[in-house]
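Chains as they are written, first to last, in my numbering: chain H, 1 to 120; chain Z, 1001 to 1738.
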């Protein structure tokens, strides 16, 4: 079971379809807050989260998950951008995410990452 | 007032009091000199008068002596004649005559005894008798007569002697014996003698001395006496002499010489002694002093004025050049250093030139630094904007690519006919469209930047165009999250329809992006002051005045990173509006949010108006879409609206039925797999409803089996479309249902 957090509907949809085709079951959230609520309802072992989202961004979600659900593997994805002069993904790594992927990424790469994390 | 004028005033101010003082001194001196002259002249004239009195007294005394002679006691006239001749020997020009009481001359010392002599009492005639002396009486009878009448001595006025036929005066005294006047003894004195006397008194050089008798006739003068004897004084002098004795007076002699005149009148003789000094002589030194003073003053003033002009020029020329220098400094040019005669001015000039050079250098240096800093800041800003733009661009391109990449993977893996594949294809379509708009905007901006974007103008109604675009967006579900209201009036513009739609789409996109779900976005078109005005009001967080100034700049985005998209949408709006001769502006709206206003020049409505409803393309229908899949519904709605159909949408069977009853659509597109009831059921109910036979029903199925088609026909559908629905198929089916 994967919890997917992505504000862009099409990206979310396409990624969900791809993951489902690969055999994963996917829950969607449009922003970090929604994801956290879903996770509290039922914990997913893996979180795939976009970093830049308008309502509550990925960093907040990452921090909250690290705090509340330290067991959950986190894969951060981003189309690029900087925070405090540091690349989003580098920042995410510093926050302790398990893997990062730069958009656009090959689905195979994501699936490899998931397998490597031995999760889902 | 010019400097030169100031200097002239200065000179005059300095010279004028001096001049006034000098004049005062001269006038005082003149007065004093005149007093001295006056006093001297009066002294002289009195002395002269006394001298003449003395002479007369001497003569009178001699007469008294002769009158006392014993010879007259007994009438011995011969002896008396001898005595008289002897007595008068020393007296030149004078003789004595003894008259008896009848006036008959009995003895004359100038004639031999017994010689015949004229009787003055009988021979005397009035003035004018002798042509040489028209004013003088001929014959000296009057004094003799007076002595006989009064018995007192008499001094005569001038008369012409009957004896000598020359001008003379007589001194007559009575000869009294036994208390009775027996004779009159007269001394006759030639007027010439008085002239000699006057000359002997040595009057001041150039002075004119005259002895005048009681009638005002000249007895003698020190100058030219023979010619002037018997004539009156000059009128002005005569008038003066007629007054009581006093000071000097200015007058004019009979010869016409201007003089100072004084006189003295003798109590003894009643004669007047007159002294005249030619004015020119008397006041020669004074006049000279005055002339010198006047000339000196005039020269001083002239020299002063000349100096003022010269010095003024020497000062004013450098001052003018100072002004020129100051002017050129003000213009930022180099000031010329001229050498000046005035040291202070030269120093000032030097200081000005130096200061000017420093200022110029300072200004130039500051300007250079400012320019350099501005350039650097500009370069920094440009570099930063470019960096940000590139970052955003990469973000904006990566997002659709991410979706496309995932969708491509899905399409590779999934059954092409499966719902998953359909969804993935939708994603590809949408994201492709999104990306092509992105790239299109970028290209447009770049085309506008190099001036290569051409407008394809046509006359159309902006209100109608906006209304149609809104209905397309509404149909495609893009207004679902907001309350979008539309208020338009027909306003015609001469514009590129596609570009204007681009403007509206960008503004609308912007408004929807920044307005939270559930809030209102207002769209309006109206005519204001000859312009077509489009307003898009959102209820976003508004915009600061500072941001409003640059929000239309390229690559500028308001809000957090990435949120605003590429930052070219509004820049494109601005450039497109300007290309149309219009403008765009943004302002805060009441109650938060922003209002974007686009003004385009309005154009007259075309003369031949197309029939009403022409804005709806031919064959436009009212179409109802009943579809639970958001993407599918939106795609359909968008395509139908683009073709000009009036579109309504419903998510499930029951709301679809309700909407159909309400709107009475021409055609209903119904998905078979609906959540509450299947599409067959919806079709059956629609057919059963009032007017149900008129409506065209189209089934949308994911499965293209012949059985499905038969089931659809059975349920009352007129046509059947297998998903994914292509535009061609949709058009074809709608055409068949006509």
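The beta-carbon is built from N, C-alpha and C at its ideal position, and this holds for glycine as well.
Note that the coordinates shown come from a computational prediction; the quantities given were computed from them, not determined experimentally.
| Check | Outcome |
| --- | --- |
| Length-filtered (4 minimum) alpha helix (DSSP H) runs lying within the stretch 1261-1309 of chain Z | 1279-1282 |
| Under 8 Å from the C-beta of residue 105(H): neighbouring residues of chain Z | 1402 and 1405 |
| Listed by chain order, chain Z residues near residue 32(H) by CB distance under 7 Å | None at all; the shortest Cβ gap to chain Z is about 15 Å. |
| Residue 1392(Z) versus residue 1737(Z) - alpha carbon distance | 48 Å |
| Straight-line Cα distance separating residue 1498(Z) from residue 1469(Z) | 11 Å |
| Identity of the residues DSSP links to residue 1357(Z) by a beta bridge | None; residue 1357(Z) has no bridge partner. |
| Proximity of residue 1435(Z) and residue 21(H) at Cβ, strictly below 8 Å | no |
| Under 9 Å (Cβ pairs) to chain H, residues found in the stretch 1422-1434 of chain Z | 1423, 1424, 1426, 1427, 1428, 1430, 1431 and 1434 |
| Uninterrupted alpha helix (DSSP H) stretches inside the stretch 1020-1097 of chain Z (no shorter than 4 residues) | 1077-1087 |
| Under 8 Å between C-beta atoms of residue 1491(Z) and residue 1467(Z) | no |
| Beta-carbon contacts of residue 1526(Z) that lie in its chain and below 6 Å, excluding the five residues immediately before and after | 1489 and 1533 |
| Three or more C-beta pairs below 8 Å linking the stretch 1138-1152 of chain Z and the stretch 1196-1210 of chain Z | no |
| Contacts that residue 79(H) makes with chain Z (C-beta to C-beta distance below 9 Å) | 1394, 1395, 1396, 1397, 1398, 1399, 1401, 1402 and 1562 |
| Own chain residues within Cβ distance below 7 Å of residue 36(H), not counting five before or after | 61 and 64 |
| Nearest residue (CA-CA) to residue 1734(Z), options 1261(Z), 1293(Z), 1696(Z) and 1700(Z) | 1696(Z) |
| CA-to-CA distance, residue 1038(Z) to residue 1005(Z), given in whole angstroms | 47 Å |
| Residue 1111(Z): first and last residue of the uninterrupted alpha helix (DSSP H) it sits in | Note, residue 1111(Z): premise wrong, no alpha helix (DSSP H); not H, not E. |
| Distance between residue 1384(Z) and residue 1370(Z) (C-alpha atoms, nearest Å) | 20 Å |
| First through last residue of the alpha helix (DSSP H) which encompasses residue 1509(Z) | 1497-1514 |
| Spatial distance of residue 1610(Z) from residue 1700(Z) (CA atoms) | Unreliable placement is indicated for residue 1610(Z), whose pLDDT of 49 sits below 50; no coordinate value is reported for it. |
| heavy atom of the ligand NAP below 7 Å from residue 1477(Z) C-beta | No copy of the ligand NAP occurs in the structure displayed, which carries no ligand at all. |
| Identity of the residues DSSP links to residue 1696(Z) by a beta bridge | 1667(Z) |
| Reduced DSSP category for residue 1720(Z) - H, G, I as helix; E, B as strand; rest coil | strand |
| Straight-line Cα distance separating residue 1072(Z) from residue 1080(Z) | 7 Å |
| Own chain, CB closer than 7 Å to residue 1020(Z), minus 5 neighbours either side, in chain order | none |
| Beta-carbon neighbours of residue 1410(Z), restricted to chain H and to distances below 7 Å | 14, 17, 18 and 21 |
| Other residues of its chain near residue 1628(Z): CB distance less than 8 Å, five sequence neighbours each side excluded | 1651, 1652, 1671, 1673, 1674 and 1675 |
| Which of helix, strand or coil DSSP assigns to residue 1713(Z) | helix |
| Closer than 8 Å to chain H by CB, residue 1413(Z) | yes |
| Buried versus exposed call for residue 1537(Z) [16 or more other C-beta atoms within 10 Å across all chains shown] | buried |
| Boundaries of the alpha helix (DSSP H) in which residue 1467(Z) is found, first to last residue | 1462-1475 |
| C-beta contact flag for residue 1185(Z) and residue 1160(Z) at 8 Å | no |
| Pairwise C-alpha distance: residue 1016(Z) and residue 1052(Z) | 53 Å |
| 9 Å Cβ cut-off: residues of chain Z touching residue 87(H) | Going along chain Z, no residue has its Cβ under 9 Å from residue 87(H), so there is no contact; the nearest lies around 10 Å. |
| Residue interval of the beta strand (DSSP E) (run including residue 1172(Z)) | 1167-1177 |
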